[in-house]
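No gaps in the numbering here: position 530 of the sequence shown is 530 in the working numbering, and each next residue is one more.
The structure appears right after this line, and notes come after that.
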Amino acid sequence: MPSGNLGLVVMVLGYGAGAGLSLLAPSDRAARVLTAIGAAIGCIGGLIAASSVLVTRVPVDATFGSLVSAAGGVAIHLDPLGAFFLLLVALVGLPAAVYGVTYTSEYEGRHSLRLFGLMFNGFLLGMSLVPCAANIFTFLFAWELMAITSYFLVMTESQYAETRYAGLWYAVMTHFGFLVLLPMFLIMAPGSGATAFADLRTHAALMSGSAKSVVFLLAMVAFGSKAGLVPLHVWLPRAHPAAPSHVSALMSGVMIKLGVYGVLRVVVDFLGAGPAWWGGLVLAAGSISALSGVLYALTENDLKRLLAYSSVENVGVIFLGIGAGLVLQSYGLHTLALVGFGAALLHTLNHAFFKALLFLATGNVLHEAHTRNMERMGGLIKGMPQTAALFLIGSAAAAALPPLNGFASEWMVFQALLSGVQIPQPDVAIGAPLAIGVLALTSGLAAACFVKAFGISFLAMPRSEEAARARESHWSSRAVMGVLAAGCVGLGLAAPRIFDGLFRIAGSLFAAGSSASPPAVGRLWLAAPNGVAQVSPLLIAVAAALAIGVPVALLRWRGLQWRRADTWGCGRIQQTARMEYTSSAFAEPLRRVFSELYRPTEDLTINVHPDSRYFIRSITYTSAVVPWIERAFYDPVARGMRACATQVRRLQGGSVHLYLLYLSGALMAALVAAWWFR
């Protein structure tokens, strides 16, 4: 059996065994271990299958026609693009599974870890099958399996009203996306019996331009809701914080990227080159998502919600790369288009690593400090120095600081956008600089955001007793995070070689790009498509190490002694936690600058002494920010639905005679319809 097929068999059997054995486990402890073992075996199988395809360039095909034969059976086709996303699932799924063994120990006796193991392995299986699907039925089955199992994982702590509210939002939005997929596939399918993706690709070449545009719009809505594109992102900052931290790492690091896979598969692979406005629309969606995501992340006090909004920002950056590729492709600049698609894939990979690392580190903090509120943290670096160092690496990568991986991919997205200046069209001449400006502003704000996330959470003095007592979590959790942190460093240093491979994966999506050469110079440099700008993350790392290491070594050689002392206290004799910069205070300048966007609601309550209003007992100040898209779109929709429901409720008159009249009317309508269409 070829290694690719063997890997898929191991993957399915591993996830299946993990789901079944954890459900039948004699105890919660056994369920935790069996869940991780099954998931680890499944991830290893996925690694084998994906690596086989990426190395040999030979797709893996399998068809089980007897299974649901009416829908074309279960069909598997793993090509380089699918193998890349399958590799992503395995690379993040394996550390998440190991991390979950100790993280879920606190759920023993409180939640069913047997059911959790079933859903966790089912979630990994669903995500793994999506990029392997070769027909409509297999894709929709895997997509829905991924959606249902992730819903139950989000609802793990369903005793909290916040979790139930998040689960409701997630269920509505994910099934809304599923419903939009149905007409998209219906338009693309050439006939009732032709459901294979190969048939869709062939039929798409014969479709009219208007039909292709409808499919494009449906794909953007369906897959954009899964990816977390604004304005379809509203479920993401609710569901990700509610889920267990290692599930949040999977959802943010991998699941939302399958929305990116869907766009690349349908728009780039099936539909091919389209009009320039396709790329313009994707650029607009990416720009709005990137800027909105980072702006709302900056105002968050909830650390997991901050990371969730950061995922919205990074999805926006990915779609900026895709949009640049679509615009360049529409003008026949195929090699430059591949730079955009390759940059999007590179940022997809990099974001998976640093965001998974950040969510797992946040899980350690939540486990020890028992809060997600940064206003209740502070000083965690003293009790959790290793977790703090790992969180700092993830934060630096998320802020796109060289030489870490986030820098390399955002730099390539910049270069793809700059390539648009070669198109002598007024709309491109206006749109490309705007997108570049948005990306530059987003990058700067992201750096400020993660300065806040790390500084407020880990530095200064503890703001609660729990934060003061926090200690390092189990060594296995830190080891898993260490692997992801090493990945952030390694992916950054090896970015030129990795981009070469991703460039060729993107080139496999259309014939004109299969023979293009990536704009990389040797094994050290990432080069701009025009050859003007070059950057080497490895040389940056060497230069930084020398710039820091040589002076420190000289000072030590001259007898410099380390000593510990209190930081400068601004003239005060003693500092307290109440004097520290808070999360809200850090974001206050930006809240004022972008006040028209935030429009915060503020409430000031002053409790005075009953005998004299000049003696104040307490002052309570509360402020909240409602995202603009909810105010502008979702709130009016909700009010409209409530109004419709109120009108429909009038039909419930409470009279049996009235209900019999309804039944009679419905029966007569059915008979008339049957006679009319006979």
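Backbone N, C-alpha and C fix where the C-beta goes; we use that ideal spot for every residue, glycine too.
The model shown is predicted, which means the values in this text are computed figures rather than measured ones.
Residue i classed as buried or exposed, judged by whether at least 16 other C-beta atoms fall within 10 angstroms
i	result
T210	For the sequence presented, residue 210 should be read as Ser rather than Thr. Burial call: exposed.
V521	Any reading at V521 needs caution, since the residue's pLDDT is 47, under 50, leaving its predicted position unreliable; the model's value is listed next. Exposed: under 16 other Cβ atoms inside 10 Å.
G7	buried
G559	exposed
A643	exposed
Y15	buried
C570	exposed
Y296	buried
T620	exposed
L358	buried
G191	exposed
Y165	exposed
T163	buried
V294	buried
M481	buried
G654	exposed
W557	exposed
W562	exposed
W568	exposed
I436	buried
Element boundaries [alpha helix (DSSP H), containing residue i]
i	result
N350	334-369
D28	28-56
A62	Element bounds for A62: not the alpha helix (DSSP H) but the beta strand (DSSP E), 60-64.
V648	635-649
P589	583-593
L258	257-263
S664	656-676
L380	380-383
Extent of the continuous beta strand (DSSP E) to which residue i belongs
i	result
L604	601-609
V74	74-78
W525	525-527
F270	No beta strand (DSSP E) contains F270, which DSSP labels as neither H nor E.
A624	612-624
Backbone secondary structure at residue i - three-state DSSP
i	result
R558	coil
D199	helix
Q534	strand
N301	coil
G224	helix
L189	The question names Leu, but residue 189 in the sequence shown is Ala. Here A189 sits in coil by DSSP.
A243	coil
A577	helix
A194	strand
P2	coil
V521	Because the pLDDT at V521 is just 47, under 50, the model does not fix this residue reliably, and the point stays unresolved.
Proximity test, residue i beta-carbon vs the ligand GDP heavy atom, cut-off 7 Å
i	result
V593	By its list of ligands, the structure shown contains no ligand whatsoever, and the ligand GDP lies outside what it can speak to.
Of all the alpha helix (DSSP H) runs that stay within the bounds of the stretch 106-180, which reach a length of 4 or more residues? 113-129, 136-154
What alpha helix (DSSP H) runs, 4 residues minimum, are completely inside the stretch 392-432? If we require 4 residues or more, the alpha helix (DSSP H) runs fully inside the stretch 392-432 come out as 405-418.
Taking 8 Å as the cut-off, does the stretch 427-435 touch the stretch 336-343 (at least 3 CB pairs, one atom from each stretch)? no
Alpha helix (DSSP H) runs contained entirely in the stretch 420-494, provided each spans 4 or more residues: 426-458, 465-469, 475-493
Three CB pairs or more closer than 8 Å across the stretch 232-247 and the stretch 320-327: no
Do the stretch 401-408 and the stretch 373-390 touch if we need at least three Cβ pairs shorter than 8 Å? no
When you compare the stretch 126-142 with the stretch 72-80, are there three or more beta-carbon pairs, one atom per stretch, that lie closer than 8 Å? yes
Counting pairs of beta carbons, one from the stretch 281-299 and one from the stretch 217-227, are three or more of them closer than 8 Å? Verdict: yes, contact present.
Count Cβ pairs between the stretch 339-355 and the stretch 444-459 that sit closer than 8 Å; are there 3 or more? Contact fails: fewer than three Cβ-Cβ distances are below 8 Å.
Determine contact between the stretch 255-273 and the stretch 99-109, defined as no fewer than three beta-carbon pairs at a distance below 8 Å. no
If contact is defined by three or more beta carbon pairs under 8 Å, each pair taking one atom from either stretch, is the stretch 409-418 in contact with the stretch 438-445? Judged by Cβ distances under 8 Å, the stretch 438-445 makes contact with the stretch 409-418, as three or more pairs qualify.
Between the stretch 595-608 and the stretch 623-631, do at least 3 Cβ pairs fall closer than 8 Å? yes
Can you find at least 3 beta carbon pairs, one from the stretch 119-126 and one from the stretch 47-65, that sit closer than 8 Å? no
Do three or more CB pairs link the stretch 248-263 to the stretch 302-318 at distances below 8 Å? yes
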